[in-house]
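Novice:
Protein chains: 2
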Amino acid sequence: MRELLKLIDRPGLISFAGGLPAPEVFPLEQFKAAALRVLSEHGTQALQYSTTEGYPKLREMLARHMARYGIVVGADNILITQSSQQALDLIGKVFLNSGDRIAVERPTYLGALQAWNAYQAEYVGITIDHEGMKIEELEDILRSGPKFLYALPNFQNPSGVTLSLTRRRRLVELADHYGVPIIEDDPYGQLRFAGEHLLPLAALDAKARRQKAYSGNVIYISTFSKTLAPGLRLGWVVAPAEVLQRLVLAKQGADLHTGTFVQMVAYETARGGFLDRHVRHIRAVYRERRDAILAALKRHMPPGVSWTEPEGGLFIWAVLPEDLDAVSLLPEAVEHGVAFVPGTCFFDNGSGKNTMRLNFSFMPPGKIEEGIKRLAGVIARVSSDVLRPA
Amino acid sequence: MRELLKLIDRPGLISFAGGLPAPEVFPLEQFKAAALRVLSEHGTQALQYSTTEGYPKLREMLARHMARYGIVVGADNILITQSSQQALDLIGKVFLNSGDRIAVERPTYLGALQAWNAYQAEYVGITIDHEGMKIEELEDILRSGPKFLYALPNFQNPSGVTLSLTRRRRLVELADHYGVPIIEDDPYGQLRFAGEHLLPLAALDAKARRQKAYSGNVIYISTFSKTLAPGLRLGWVVAPAEVLQRLVLAKQGADLHTGTFVQMVAYETARGGFLDRHVRHIRAVYRERRDAILAALKRHMPPGVSWTEPEGGLFIWAVLPEDLDAVSLLPEAVEHGVAFVPGTCFFDNGSGKNTMRLNFSFMPPGKIEEGIKRLAGVIARVSSDVLRPA
């Protein structure tokens, strides 16, 4: 698979394979102004060591920001991490022992599996449909006592699916009933360009317990990678004070603290309402690209191929006829100048052979149309070969 | 101890407690120019995801740079890390299983113990004197087969001691003989302001094997924290290709990659000879401060107190009369407006009660003189209490 995935990096491809934000939306001028201001006004602070927990003003801004979508926490519930990937790693370091089972969506985010494989975790998968995790499977799995449950409720990576409000409520209730903590990973929640915002699990959990503030059964993770820029490597994790303290100690051993300079630059860039305005702009760009990919899929895909219709985020999930294998299809697609990630990469159990993840955020609509046309051609050809009666 | 160490952070103290570079030497104007250039000329690249291994130009520059002091490696032997602390963590993640023994200097760098405690490592300590590790202890310990040996050969943190050339040669020879890999941590090697540069263990190992290039038994770690700025969080690790590949995979799970923007800013700041000129400037500043602290110690310390005379780096190690306990002395020192770190923090086995680490890089000479005067007063008072015949 590793060798195969190198194909994806061949230059000149129309690529649906990445998970990259559109570079056109990076707010370069704001970053320049922010970097200059930070170095001019707080230069020695920005270049010096700082606390493991993170830049206080950035943590306070995040607390205000999250309160607006229902997560009511203090800055001291927030740890700034070297991207949300580090939050996953620190959680593994603090909680996991060899052989511990984690309940995951099937498919799920590859980076989480990579982070936790290092701690010899095992996985139990919960199938997802167009409303997210299937609740009938969920209950059995929670009853079996996994160490925690890992969920991406909004525009999931890789499937693009959003967990419905009914299921969110039921998940929070069941997790509480069976005493299983939830790790809520929410990199894309801000990037909703259709439908209505749904409350995060962390907020629903507080509500279900009739608490005004954060209740603590949900550890919430997010990132600036999709709203400001991934090259900063800035994420954060929200946890109850006693858990946060353990994460802070783990981070101290892992890298002492997240870069002071980039934290201050991110704060200076985001503050004063800029982040909100900028996120609205990103939504508009991504909505146009999602519309373009959906139209192209409808126009070009042969019968027997289906796909999700995400209301936000960066990804669409396509399901091919059952006899097709997306892995063996990849080299031919690359020969025709188009790339994707075979869906099986995202399954803890190696299933999903006939699925693929399609990213639509990185390329302009014209390229998306051409790429899907080529990909559809390859699929049509291979389908007719495979499905032709012997 | 944790509670006690909070004392050190009280504002307004003359502090010998930190390990902070002098903020006066941060090259603010160069950073500003570099940040502007990076964002103007390569903005979208700087803000986007990048490879786990690190920014290629930075790796190439480091390869050229290290070749000048005897470590001859290709850029593909170098992994850029989120400060050298992350290199320690990744080494732990890749190599350590619960109960593995690591040979360390006694005392040694606290951050290494913190990184490896997370993997349930155990330690065997080698006493150091004014020439570094005692060779007679070293041989017995290497024969017992620790997982690896961890050494800071230059101006060691915390002791300020440098491993002599004779002992370096012997260490490399013995480690080879007993098949024990060496982790060489060299954050301060560039900051030599007296005496002659000694070849790093990685270079001596290649020489002993009559190889022109890097031999692979020494994993070498360094950082920009002491030469450019710690707030960037940039370090690197040099390892044989097959080890590097495992460190890269571990880093992928830990944080995907080090920030693209800060790597490019560091490269732009350092290139064209600036880093060399800047390091010469830092050396001059730190030499003056070391001279100031040595003069003040000589002037004020009561009989029975001794200290190291480092030829570089940031730290001096003081040894008090045997009956004194630096931990119990700290609150009184803080009351008199001066802070240090009790030496026992740096011992894997909790010994070193009558020792203390004194940082001299952070404060200007005038403050150093006043701080040592106060500290000497406290020590003199406590000594006379403790040592007075009953």
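Those protein sequence lines, which keep their order, are chains V and L. Counted from 1, the first sequence has number 163 at position 163 by the working numbering; the numbering is strictly sequential. Each number in the working numbering corresponds to the 1-based position in the second sequence with 1000 added. Glycine is no exception: its CB is placed at the ideal position from the N, C-alpha and C atoms.
Does the segment 1356-1370 of chain L come within contact of the segment 1018-1028 of chain L, defined as at least 3 CB pairs closer than 8 Å?
Specialist: The segment 1356-1370 of chain L vs the segment 1018-1028 of chain L: in contact.
Novice: Taking only the alpha-carbon atoms, compute the straight-line gap between Ala239/V and Arg1246/L and give it to the nearest angstrom.
Specialist: So the alpha carbons of these two residues sit roughly 31 Å apart.
Novice: Express the C-alpha separation of Thr269/V and Ala284/V in angstroms, rounding to a whole number.
Specialist: About 20 Å.
Novice: By the DSSP assignment, the beta strand (DSSP E) with Asp129/V in it spans what residues?
Specialist: 122-129 is the span of the beta strand (DSSP E), which, as asked, contains Asp129/V.
Novice: Going by C-alpha distance, which of Asp1129/L, Val1248/L, Leu1096/L is nearest Pro1391/L?
Specialist: Only positions 1001 to 1390 of chain L appear in this structure, which leaves residue 1391/L out of reach.
Novice: Does the segment 1307-1324 of chain L touch the segment 1061-1074 of chain L, meaning 3 or more C-beta pairs lie closer than 8 Å?
Specialist: As far as the Cβ criterion goes, the segment 1061-1074 of chain L does not touch the segment 1307-1324 of chain L, which means the pair count is below three.
Novice: By how many angstroms is the C-alpha of Ile14/V removed from the C-alpha of Lys367/V?
Specialist: Cα to Cα, the separation comes out at about 7 Å.
Novice: According to DSSP, simplified to helix, strand and coil, what is Ile372/V?
Specialist: Helix at Ile372/V.
Novice: Check whether the Cβ atoms of Asp1255/L and Arg233/V lie closer than 8 Å to each other.
Specialist: Their beta carbons are under 8 Å apart, which means Asp1255/L touches Arg233/V by this criterion.
Novice: Select from Gly1377/L, Glu1335/L, Asn1157/L, Ser1164/L the residue whose C-alpha is nearest the C-alpha of Leu1297/L.
Specialist: For the residues Gly1377/L, Glu1335/L, Asn1157/L, Ser1164/L, the minimum Cα distance to Leu1297/L belongs to Gly1377/L.
Novice: I want to verify the contact list: residues of chain V whose CB lies under 9 Å from the CB of Asn1117/L, in sequence order.
Specialist: Ordered by position in chain V, the residues that pass the 9 Å Cβ test against Asn1117/L are Gly253.
Novice: Could you give the DSSP three-state label for Gly312/V: helix, strand or coil?
Specialist: Strand at Gly312/V.
Novice: Check the DSSP bridge columns for Val1238/L and list the partner residues they point to.
Specialist: Answer is Ile1078/L, Tyr1220/L, bridged to Val1238/L.
Novice: In chain V, what lies closer than 7 Å to Gln1245/L by C-beta?
Specialist: The premise fails here: Gln1245/L is roughly 11 Å from chain V at the closest Cβ pair, so nothing lies under 7 Å.
Novice: Measure the C-alpha to C-alpha separation of Arg192/V and Val161/V and round it to an integer number of angstroms.
Specialist: Using only the alpha carbons, I get a separation of about 12 Å.
Novice: Does the CB of Ser83/V have a neighbour CB from chain C at under 8 Å?
Specialist: In the structure shown, chain C cannot be found, because the protein chains are V and L.
Novice: Given Met1264/L, which residues of its chain have a CB within under 7 Å of its CB, disregarding the five upstream and five downstream residues?
Specialist: Val1038, His1042, Ala1046, Tyr1055.
Novice: For Gly1273/L, would you say it is in contact with chain V, using Cβ-to-Cβ distances shorter than 8 Å as the test?
Specialist: No - not a single Cβ of chain V is within 8 Å of the one on Gly1273/L.
Novice: Mind checking whether Pro92/V and Ala118/V have CB atoms under 8 Å apart?
Specialist: According to the sequence provided, residue 92/V is Gly. The question's Pro does not apply to it. A contact, by the Cβ cut-off of 8 Å.
Novice: Out of Ser383/V, Ala208/V, Ala339/V, Asp186/V, which one is the CA nearest neighbour of Arg10/V?
Specialist: Looking at the Cα atoms, Ala339/V is the closest of the given residues.
Novice: Cutting at 6 Å between CB atoms, please list the residues of its own chain near Gly1304/L, excluding the five before and the five after it.
Specialist: Within the same chain, Gly1304/L has close Cβ partners Pro1321.
Novice: Quick check on Gln1086/L - is its C-beta less than 8 Å from some C-beta in chain V?
Specialist: Chain V, which has a Cβ nearer than 8 Å to the Cβ of Gln1086/L, makes this yes.
Novice: Counting contacts by CB-CB distance shorter than 8 Å, is Gly1043/L in contact with chain V?
Specialist: Closer than 8 Å to some Cβ of chain V, the Cβ of Gly1043/L qualifies, so yes.
Novice: Can the beta-carbon of Leu1142/L be found closer than 8 Å to that of Ala1115/L?
Specialist: No, they are not a contact pair.
Novice: How long is the line joining the alpha carbons of Lys1134/L and Gly1125/L, rounded to whole angstroms?
Specialist: Between Lys1134/L and Gly1125/L, the C-alpha separation is close to 11 Å.
Novice: Using a Cβ-Cβ distance under 8 Å, would Thr1260/L count as near chain V?
Specialist: Yes, contact with chain V.
Novice: Taking C-beta pairs closer than 8 Å, name the residues in chain L that Ala46/V reaches, listed in chain order.
Specialist: By Cβ distance, chain L contributes Gly1231.
Novice: Return the chain-ordered list of same chain residues with a C-beta closer than 7 Å to the C-beta of Pro1342/L, the five sequence neighbours on each side being excluded.
Specialist: These residues qualify, in order along the chain: Ala1326, Val1327, Leu1330, Met1356.
Novice: Can you check the segment 1042-1112 of chain L for any alpha helix (DSSP H) of at least 4 residues that lies completely inside it and give the ranges in chain order?
Specialist: You should have 1056-1067, 1083-1095.
Novice: Whose C-alpha, out of Glu24/V, Lys373/V, Glu29/V, is nearest the C-alpha of His336/V?
Specialist: Among Glu24/V, Lys373/V, Glu29/V, the Cα nearest to that of His336/V belongs to Lys373/V.
Novice: Taking C-alpha atoms, which residue in Pro27/V, Leu174/V, Ser383/V, Ser83/V lies nearest to Val319/V?
Specialist: The residue with the shortest Cα to Cα distance from Val319/V is Ser383/V.
Novice: Give a yes or no on whether the C-beta atoms belonging to Pro200/V and Gly352/V are separated by under 8 Å.
Specialist: No, the pair does not count as a contact, with Cβ atoms beyond the cut-off.
Novice: Of the residues that make up the segment 1023-1035 of chain L, which ones have a beta carbon closer than 7 Å to any beta carbon in chain V?
Specialist: Cβ contacts with chain V: Pro1023, Phe1026, Leu1028, Phe1031, Lys1032, Ala1035.
Novice: Can you grab the Cα-Cα spacing for the pair Ala194/V / Phe155/V, in whole Å?
Specialist: Taking the straight line from one Cα to the other gives about 11 Å.
Novice: Please specify which runs of the alpha helix (DSSP H), each continuous and at least 4 residues long, are wholly inside the segment 1299-1347 of chain L, giving them in chain order.
Specialist: You should have 1326-1335.
Novice: Helix, strand or coil for Asn154/V per DSSP?
Specialist: In this structure, Asn154/V counts as coil in the three-state DSSP scheme.
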